[in-house]
Amino acid sequence: MSDTHGEWNPQDRKKTLEAIKTKLSLVPELPGCYLMKNREGTIIYVGKAKILRNRLRTYFTGSHTAKTQLLVSEIVDFEYIVTASNMEALILECNLIKKYVPRYNVLLKDDKSFPYIKITHERHPKLEVTRRVHKDKAKYFGPYPNAYAAQETKKLLDRLYPLRKCNTLPDKVCLYYHLGQCIAPCEFEVEQETYDKMVGEIARFLNGGHDEIKEDLKRKMQEAAEELNFERAKELRDQIVHIDAVMEKQKITTNDKMDRDVFGFAVDKGWMCVQILYMRQGKLIERHATMFPYYGEAYDDFTSFVTQYYSDNPALPKEIFLPPNPAEERPAAVETPAAGADAEQGTPVPEETAAAETKSDVKDALESWLKVRVHMPRRGLKKNMVEMASDNARVALEEKFKLIERDAERTIKAVENLGQYLGTGTIHRIEAFDNSNIQGSDPVSAMVVFTDGKPDRKEYRKYKIKTVQGPDDYETMREVVRRRYERVLKEGLKMPDLIVIDGGRGHLAAAVDVLENELGLHLPVCGLVKDAKHKTAQLLMGDPPEVVPLPRDSQEFYLLQRIQDEVHRFAITFHRETRAKSMTVSTLDSITGIGEKRRKALLKHFGSLKKIKEAQVEDFKPLGIGEKLAQHILASLNRPAEGAEAGPGASDSADPITDGAAADSTGIEA
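Oh and the sequence shown: position 585 is 584 in numbering that gives the first Met the number 0, straight run, nothing missing.
As structure tokens, this is what we get:
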């Protein structure tokens with residue numbers, strides 16, 4: 000179906016599209032979810048639609064953005080699931096995304112969870128600060144801007160309301176009882192009415208009734224001062240200060256004291272940023288931004304994000320504000336096939352109508368599912384809040400791209416300055432080498448390439464060491480440098496402007512000796528020396544090698560540090576893979592009846608030693624292995640004293656990056 004580079008053969012692609020078109024005619028005009036598949040049968044995108052047939056046709060008609068076209072170019076088949084309503088489609092889409100984790104879907108990563116204050120639902124309730132919200136009948140309040148604010152609020156409530164503190168009731172009263180912060184249910188009978196009163200007052204406080212409680216504290220503080228009980232008065236004053244700190248007024252407030260989440264989003268250069276403003280009791284307490292690449296329709300992917308966001312979070316606000324679909328803001332209907340044309344009838348659906356339906360669908364589905372009010376405000380302060388969230392999202396995206404541009408400028412400048420420091424002239428291509436072994440076992444080496452200061456991963460190379468016996472780093476470096484630049488000379492490959500050796504004077508001298516005395520090459524070579532903490536410490540160059548006075552806080556030094564870290568990571572990863580594979584090979588070779596041919600066939604068919612051990616006898620039949628030998632293989636691998644697992648990475652295929660044609664089937668230079 001494809002050529003050796005994995006690209007589509009135009010004739011095969013045409014056949015695939017014809018098959019898809021035939022299948023599209025069978026799709027019903029009902030709500031549901033669809034699952035897009037690639038050539039391997041992997042689900043790469045999940046979506047929902049009010050009318051499945053219309054939505055699916057938009058992928059194969061009309062024009063698309065570059066990102067959407069990338070998705071469409073990989074689709075070879077699709078499945079669909081019909082649902083009874085749009086709400087069911089919304090929930091099903093969320094569950095399917097969680098199940099299959101499609102590469103082109105918006106995937107909500109829980110990179111930040113905000114703290115909540117929880118009143119447990121127990122015979123003797125207690126206060127907790129938690130970042131996990133469960134459907135356990137407890138009362139949750141929040142989220143709070145940060146853990147400190149939540150903890151301070153809890154400390155304040157602990158002093159005001161003496162609920163139990165212990166996870167398990169002790170045999171006798173504890174220190175909290177003597178401090179007046181626990182009602183001691185471990186020793187005294189506590190009426191349910193007492194608990195109900197305290198829980199009610201805590202809920203009133205956390206729901207915005209703190210002003211009344213603060214006035215009550217002020218009255219008690221004055222009474223304590225009049226009675227010359229200054230210690231008690233100071234404690235009460237501190238509690239008032241804590242209330243003011245926790246409930247500090249924000250720039251944006253509303254008079255309705257409503258808990259609401261305000262969403263906004265922006266898109267640029269194939270990226271989306273979703274901004275959430277958390278308003279509690281009418282006050283803006285926190286905002287949170289999430290950025291990710293998107294591939295489908297912008298508004299569809301935005302609503303997918305919102306659905307995933309609330310799927311595991313029962314601590315819902317009273318209201319949710321969403322921006323309307325930007326398409327519905329257009330003044331006139333623009334008729335295009337992509338807006339929902341019927342391919343057979345040729346009747347286009349106006350985008351204005353489709354957008355209005357989308358708005359109603361999203362609002363109704365979310366309200367039905369979450370049981371909260373969902374608004375797409377059109378005017379006034381509420382519209383301003385949504386616009387502020389979208390503006391913040393837009394600013395966050397602009398900052399992201401500005402930082403990328405700034406980093407690119409700094410990298411280019413660092414490359415230019417590095418050439419001046421070293422006296423080599425302009426440096427475009429840097430090739431760096433590092434060795435890896437454990438006491439000389441499974442020695443390997445690796446080379447990474449940086450072009451204009453950026454990693455060029457398709458140029459990376461791996462080496463299995465052939466001639467060196469034992470842990471001899473200098474000879475290993477000599478072999479790798481010799482093999483690399485013999486091939487460069489033989490095949491006329493591009494020469495580097497700088498060679499970086501991960502090592503000190505000995506490694507540097509070994510590399511220079513091979514280049515100059517064996518190959519007749521006079522290329523700039525430098526060595527990077529690490530300190531006791533395995534961090535880049537010095538840059539060496541010359542014959543004999545001398546320290547180049549490169550400032551440690553310069554962009555040039557930072558560039559070299561990144562190069563050294565990258566080549567070290569690449570070499571270590573390759574060494575782990577090699578060790579794991581050698582362990583796998585030795586394990587299989589020890590089984591009677593398994594030769595080299597069968598070993599390779601087993602690993603190719605199952606993928607890893609672990610999967611071979613977990614296989615059933617009948618799974619070996621496609622390889623021509625009979626029942627008796629299959630049982631013998633499984634018994635040998637699962638015997639406690641033998642068949643140790645290959646370890647991390649054994650199931651991973653080796654990186655297909657090689658150094659020329661002399662590579663074996665694993666993609667590693669032979």
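Every residue, glycine too, gets a C-beta built ideally from N, C-alpha and C.
- Apart from the 5 residues on each side of it in sequence, GLU73 sits with its Cβ closer than 7 Å to the Cβ of ASN37 and ILE43 in its chain, given in chain order.
- DSSP places TYR308 in the helix class (H, G or I) of the three-state scheme.
- The residue among VAL81, THR535 and LYS66 with its C-alpha nearest the C-alpha of ARG52 is VAL81.
- In this structure, the CA atom of MET257 is about 41 Å from the CA atom of LEU70.
- Taken through DSSP and simplified to helix, strand or coil, SER84 comes out as coil.
- When DSSP states are grouped into helix, strand and coil, THR423 belongs to the coil group.
- When Cβ pairs closer than 8 Å are counted between the two stretches, the stretch 448–460 is seen not to touch the stretch 591–608, the count staying below three.
- Distance check between ALA634 and each of HIS604, SER589, SER607 and LEU417 places SER589 closest, using alpha-carbon atoms only.
- By alpha-carbon distance to VAL172, the top candidate from ARG158, GLU188 and TYR160 is GLU188.
- Ranking ALA413, ASP441 and ILE403 by CA distance to the CA of ASP552 puts ALA413 first.
- A distance below 8 Å separates the beta carbons of ARG428 and THR450.
- A Cβ-Cβ contact shorter than 8 Å links GLU478 with ILE464.
- Contact between TYR298 and PRO316 is absent: CB atoms are separated by about 22 Å, not below the 8 Å threshold.
- DSSP places PRO114 outside both helix and strand once states are collapsed to three, so it counts as coil.
- Only buried fits TYR33, as 16 or more other CB atoms lie within 10 angstroms of its CB.
- Boundaries of the alpha helix (DSSP H) harbouring ILE611: 608–613, taken from the DSSP string.
- Ranked by Cα distance from PHE556, the options TYR160, HIS574 and THR535 are led by THR535.
- For LEU91, the secondary structure class from DSSP, reduced to helix, strand or coil, is helix.
- By alpha-carbon distance to VAL266, the top candidate from PHE301, PHE569 and ASP11 is PHE301.
- Residue pairing by DSSP places PHE264 opposite VAL273 in a beta bridge.
- Checking the DSSP bridge columns, you'll see ASP76 partnered with LYS36.
- When GLU366, MET476 and LYS382 are compared, the shortest CA-CA separation from GLU87 is found for GLU366.
- Taking a cut-off of 8 Å for Cβ pairs, the stretch 268–277 and the stretch 378–392 touch, as three or more such pairs fall below it.
- Of the residues GLN280, CYS165, VAL132 and GLU190, the one whose Cα lies closest to the Cα of ALA202 is GLN280.
- The alpha-carbon separation between GLY503 and ARG405 amounts to approximately 33 Å.
- Apart from the 5 residues on each side of it in sequence, GLY418 sits with its Cβ closer than 6 Å to the Cβ of GLY424, THR425 and ILE426 in its chain, given in chain order.
- As the crow flies, the alpha-carbon of ASP472 is around 17 Å from that of PHE569.
- Apart from the 5 residues on each side of it in sequence, ASP496 sits with its Cβ closer than 6 Å to the Cβ of ILE426, HIS427 and ARG428 in its chain, given in chain order.
- Per DSSP, the unbroken beta strand (DSSP E) holding THR535 starts and ends at 535–540.
- Around the Cβ of PRO322, a 10 Å sphere holds 16 or more other Cβ atoms; the residue is buried.
- Listed in chain order, the non-local C-beta contacts of ALA392 below 7 Å within the same chain comprise GLY263, PHE264, ALA265, CYS272, VAL273, GLN274 and ALA288, local neighbours out to five positions each way being set aside.
- Under DSSP, the beta-bridge partners assigned to ALA431 are VAL447 and VAL499.
- For GLY199, the enclosing alpha helix (DSSP H) stretches over residues 191–203.
- In terms of Cβ geometry, ILE50 and GLU78 do not form a close pair [threshold 8 Å].
- DSSP places GLU127 inside the beta strand (DSSP E), whose first and last residues are 126–129.
- DSSP places ILE43 in no alpha helix (DSSP H) but in the uninterrupted beta strand (DSSP E) bounded by 42–48.
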